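As structure tokens, the structure follows; a few thoughts come after it.
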Amino acid sequence: MSAAIPANQVKHRGRRFVWYLPAILITAVFAFPLYWIGSMAFKPARIVQNYPPSFRFSPTLDNFRQVFDSTYPDAMRNSLIIAVGTAVFSVFCATLTAYGLSRHNFRRKDNLLFWILSLRMLPAVAVIVPYSRMVRWFDLQDTYAAMILVYSIFNISFSVWLLKGFFDEIPKEMEEAARIDGYGPWKVFTDVAVPLVIPGIATALVFSIIFSINEFLLAFVLTQREAVTAPVALTNVFITTFGVNWGGLSAAAMVLVAPVIVFAVLVRNHLLRGMSFGQLD
Amino acid sequence: MATLVLDQLDLTYPDGTRAVKSVDLTVEEGEFCVFLGPSGCGKTSTLRMIAGLEHPTGGEIRIDGRVINKLYPGEREIAMVFQHYALYPNKTVRDHFEMPLKALRMPKEERNRRIAETAELLHMTELLNAKPRQLSGGQAQRTAIGRALIRRPKLFLLDEPLTSLDAKLRLETRTALKRLQEDLQITTVYVTHDQEEALSLADKIMVMHDGEIQQIATSYELYANPVNLFVAGFIGTPPMNTVPADFVSERRDGIVRAEAFDLHLTEQAAHAVQAAAGDGRLVAGVRPEDLIVTEPGGERELGGRVTVIEQQGDEWIASIDVAPGTIWKVRTPRLDTDELQTGQRVGLRIRPGRLRLFDAISGAAVY
Numbered sequence: 077m078s079a080a081i082p083a084n085q086v087k088h089r090g091r092r093f094v095w096y097l098p099a100i101l102i103t104a105v106f107a108f109p110l111y112w113i114g115s116m117a118f119k120p121a122r123i124v125q126n127y128p129p130s131f132r133f134s135p136t137l138d139n140f141r142q143v144f145d146s147t148y149p150d151a152m153r154n155s156l157i158i159a160v161g162t163a164v165f166s167v168f169c170a171t172l173t174a175y176g177l178s179r180h181n182f183r184r185k186d187n188l189l190f191w192i193l194s195l196r197m198l199p200a201v202a203v204i205v206p207y208s209r210m211v212r213w214f215d216l217q218d219t220y221a222a223m224i225l226v227y228s229i230f231n232i233s234f235s236v237w238l239l240k241g242f243f244d245e246i247p248k249e250m251e252e253a254a255r256i257d258g259y260g261p262w263k264v265f266t267d268v269a270v271p272l273v274i275p276g277i278a279t280a281l282v283f284s285i286i287f288s289i290n291e292f293l294l295a296f297v298l299t300q301r302e303a304v305t306a307p308v309a310l311t312n313v314f315i316t317t318f319g320v321n322w323g324g325l326s327a328a329a330m331v332l333v334a335p336v337i338v339f340a341v342l343v344r345n346h347l348l349r350g351m352s353f354g355q356l357d
Numbered sequence: 002m003a004t005l006v007l008d009q010l011d012l013t014y015p016d017g018t019r020a021v022k023s024v025d026l027t028v029e030e031g032e033f034c035v036f037l038g039p040s041g042c043g044k045t046s047t048l049r050m051i052a053g054l055e056h057p058t059g060g061e062i063r064i065d066g067r068v069i070n071k072l073y074p075g076e077r078e079i080a081m082v083f084q085h086y087a088l089y090p091n092k093t094v095r096d097h098f099e100m101p102l103k104a105l106r107m108p109k110e111e112r113n114r115r116i117a118e119t120a121e122l123l124h125m126t127e128l129l130n131a132k133p134r135q136l137s138g139g140q141a142q143r144t145a146i147g148r149a150l151i152r153r154p155k156l157f158l159l160d161e162p163l164t165s166l167d168a169k170l171r172l173e174t175r176t177a178l179k180r181l182q183e184d185l186q187i188t189t190v191y192v193t194h195d196q197e198e199a200l201s202l203a204d205k206i207m208v209m210h211d212g213e214i215q216q217i218a219t220s221y222e223l224y225a226n227p228v229n230l231f232v233a234g235f236i237g238t239p240p241m242n243t244v245p246a247d248f249v250s251e252r253r254d255g256i257v258r259a260e261a262f263d264l265h266l267t268e269q270a271a272h273a274v275q276a277a278a279g280d281g282r283l284v285a286g287v288r289p290e291d292l293i294v295t296e297p298g299g300e301r302e303l304g305g306r307v308t309v310i311e312q313q314g315d316e317w318i319a320s321i322d323v324a325p326g327t328i329w330k331v332r333t334p335r336l337d338t339d340e341l342q343t344g345q346r347v348g349l350r351i352r353p354g355r356l357r358l359f360d361a362i363s364g365a366a367v368y
């Protein structure tokens, strides 16, 4: 198969390209900042602020060396612990809650669901003062636990909504068949329902991790030394009274997005189905 | 193997809808019982109560004399095949077979032995490691049946199991299912809205309508002696021809007088009508296959003009306007009426003893 491609196929390819073109353009617009940060991370310090920017340069790892010599790796570790802790805790709670809400009808269920969602609508600034007071009451200032709890408030609400959609998609018959086989309610949940919503759980985990890794304001207020997260450290370490260390900042940002990308790639098969909101085979 | 008894079984939903009304039924050991009726008639609700998926609001369900109303579905030693099979996309055929055995905490070796045995029975040995996505419709169906039968249930429940198969496969599976049931001698309850399925599979059919039992009988009984107009109209394709008619007593016997024709009754039939003590307003019914096409008759004799002829292989179904606005269907072998044509005037004769009479008000069979 080589030279002779049927005419209609050529035409078909041509038409496909027409559809791809806008997609490529839009992707390019969104991907450009990432490219920009990436290229800055490898630029030698003296050309970082060149205008017009230099596109051709000999890459250096100096910026990354700076990043790893600073306190940034500690903050990175804190961020990962908090992000994973939040993801596991909030998705676990959300799975149980979503299943209950999906399977049972009770009075004012819609109100409850809306209230859960409304937690997500709160802007962080609005709740930052009460949260910081509450954290102090419980004597949890500057701890992982405090950050995980506060982040979970935002993530549980979102994950409940996401996962409820997935549980709603499971045909009733699938659970009834298991009950007739002799499975109790808990076994039906763990052995039938949960395996069927794995794509949803993967999606919820990824969203939760992205949220926690990126969050700045709450972390900025609620942490001082021990639990400082990466976005906060980014400003502490690279934005100083002497000016902004753009190279270091870019390299640190690259280090920050790396774990998210790795994790997203690991679960990408589930993620694709998760994004399409649970169409089962 | 077991005997199933439904005693005054009742189901009222919280919104007040009474889905099942005082159903009494006995299914004998090894019997194949079919619940037949139009959608929404309560047949599936009744099945779901037997399975324990729905809680009766009145009455008792007994298996071998033991009341099982309060038992969980898994404790009832029953098995069920669902309309869309309820297979799990993430599990293999083997996993499906194993589920009920695991729930029974059966040891591993015994489980494997049973799985091999069931796979053999259903010709699925090669497919044990396949997932539902890789199965054809028929194979998916056999997986659901295997999963149900592997625990050797006392009672085998099927909820419209053939609806998602194509026509040819449906026939094959129907035959296979009947043979399997006869081989295993397992008490079976089967729900369907398809009368052909019901008539061909069942030892006993329960016809339901609006949550109520209409008739419990064998296939032939339902067909030949429907107890009311609903059953008469539901069973048979095309269904029974009917026409409103009044009873007129005449010397020894009697006639029923419809708008456009009179039908003479036998002495027996006339007695039955008189004994029924109604107001004489009846509905006369004749099955399409009990009508014979003849030469056109005289005034007030049964007959009419042929409006449509449908060819069905070696049979014809002719529509004949026996009265203004009343079309009767006649089913006749092709050989007998080679000359039949649309527009032609014909007479009709009813096979002896095949005229059925129903009370016009209650719909109950009078004769």
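As they're listed, the protein sequences go chains A and B.
Following the numbering used here, the numbering of the first sequence begins with 77 at its first residue and continues without gaps.
Following the numbering used here, the numbering of the second sequence begins with 2 at its first residue and continues without gaps.
Even for Gly, the Cβ is constructed at its ideal location relative to N, Cα and C.
It should be emphasised that the depicted structure is a prediction, and the values quoted were computed from it without experimental measurement.
Quick one: what does DSSP say glutamine 217 of chain A is sitting in, helix, strand or coil? coil
Every unbroken alpha helix (DSSP H) inside the segment 309-353 of chain A [4 residues or more]: 322-342 and 344-351
Chain B contact for tyrosine 259 of chain A (CB, 7 angstroms cutoff): yes
Do the segment 253-269 of chain B and the segment 224-238 of chain B make contact, defined as three or more Cβ pairs closer than 8 angstroms? no
Would you tell me roughly how many angstroms separate the C-alpha atoms of leucine 181 of chain B and leucine 158 of chain B, rounded to the nearest one? 14 angstroms
Proximal residues, the segment 158-187 of chain B versus chain A, C-beta separation under 8 angstroms: Listed in sequence order: no entries.
What number of angstroms, rounded off, separates the C-alpha of tyrosine 368 of chain B from the C-alpha of arginine 143 of chain B? Approximately 44 angstroms between the Cα atoms of the pair.
Closer than 9 angstroms between beta carbons: that is the criterion. Which residues of the segment 264-285 of chain A meet it against chain B? Asp267, Val268, Pro271, Leu272 and Ile274
Out of A:Ser228, A:Tyr111 and A:Pro247, which one is the CA nearest neighbour of proline 90 of chain B? A:Pro247
Is there contact here, the segment 263-272 of chain A with the segment 236-252 of chain A, by at least three beta-carbon pairs under 8 angstroms? yes
Contact between the segment 22-41 of chain B and the segment 212-232 of chain B is defined here as three or more beta-carbon pairs at a separation below 8 angstroms; is this criterion met? yes
In whole angstroms, what separates the C-alpha of arginine 306 of chain B from that of phenylalanine 231 of chain B? Computed Cα separation, rounded: 27 angstroms.
Could you please tell me which residues of the segment 75-90 of chain B, in chain order, have their CB closer than 7 angstroms to any CB of chain A? Gly75, Ile79, Ala80, Met81, Phe83, His85, Ala87, Tyr89 and Pro90
Straight-line Cα distance separating glycine 60 of chain B from glutamine 342 of chain B: The alpha-carbon of glutamine 342 of chain B is positioned some 56 angstroms away from that of glycine 60 of chain B.
Is it buried or exposed for isoleucine 206 of chain B, if we count other Cβ within 10 angstroms and need 16 for buried? buried
Contacting residues, own chain, Cβ-Cβ under 8 angstroms from proline 154 of chain B (five flanking each side not counted): Sequence-distant partners of proline 154 of chain B (beyond 5 residues in either direction) whose C-beta falls short of 8 angstroms from its own C-beta, in its chain, are Glu78, Ile79, Ala80 and Ile187.
Determine which residues share a DSSP beta bridge with aspartate 160 of chain B and list them. B:Val192
Mapping the DSSP letters down to three states, classify asparagine 290 of chain A as helix, strand or coil. DSSP places asparagine 290 of chain A in helix when its eight states are reduced to three.
Closer than 7 angstroms to chain A by CB, leucine 54 of chain B: yes
Expressed to the nearest angstrom, what Euclidean distance is found between the alpha-carbon atoms of aspartate 357 of chain A and arginine 134 of chain B? Note that aspartate 357 of chain A scores 42 on pLDDT, short of 50, meaning its location in the model is unreliable and no value can be drawn from it.
For isoleucine 64 of chain B, count neighbouring Cβ atoms within 10 angstroms of its own Cβ and tell me buried if that reaches 16, exposed if not. Residue environment for isoleucine 64 of chain B: buried (at least 16 other C-beta atoms within 10 angstroms of its C-beta).
Say whether the segment 163-181 of chain A touches the segment 325-332 of chain A, bearing in mind that this needs 3 or more beta-carbon pairs closer than 8 angstroms, one atom from each stretch. Of all C-beta pairs linking the segment 163-181 of chain A to the segment 325-332 of chain A, fewer than three are shorter than 8 angstroms, placing the two stretches out of contact.
Residues of the segment 194-206 of chain B with a CB closer than 9 angstroms to any CB of chain A: list them in chain order, please. none
Could you pull the start and end residues of the alpha helix (DSSP H) that leucine 150 of chain B belongs to? 138-150
Per DSSP, methionine 116 of chain A is paired with what? Answer is none; methionine 116 of chain A lacks a bridge partner.
Could you check which residue in A:Ser115, A:Met152, A:Arg141 and A:Thr147 has the C-alpha nearest to that of serine 134 of chain A? A:Ser115
Can you list, in chain order, the residues of its chain whose CB lies under 6 angstroms from that of glutamine 345 of chain B, leaving out five sequence neighbours each side? Val307
Might you give, ordered along the chain, the residues of its own chain that have their beta carbon closer than 6 angstroms to the beta carbon of proline 162 of chain B, omitting 5 neighbours on each side? Val82
Buried versus exposed call for tryptophan 317 of chain B [16 or more other C-beta atoms within 10 Å across all chains shown]: buried
Serine 284 of chain A - DSSP class collapsed to helix/strand/coil: helix
Whole beta strand (DSSP E) elements within the segment 327-358 of chain B, 3-residue minimum: 327-334 and 346-351
Alpha-carbon spacing of proline 245 of chain B relative to alanine 259 of chain B, whole angstroms: 6 angstroms
Count the other CB atoms within 10 Å of the CB of proline 39 of chain B; is the residue buried (16 or more) or exposed (fewer)? Result: exposed.
Name, please, each residue of chain B whose Cβ falls closer than 8 angstroms to the Cβ of arginine 255 of chain A. Within chain B, the residues near arginine 255 of chain A are Gly53, Leu54, Tyr73, Pro74 and Gly75.
In whole angstroms, what separates the C-alpha of glutamine 196 of chain B from that of aspartate 184 of chain B? 24 angstroms
Looking at the unbroken beta strand (DSSP E) that takes in leucine 195 of chain A, where does it start and where does it end? Segment 185-197 is the alpha helix (DSSP H) holding leucine 195 of chain A; no beta strand (DSSP E) there.
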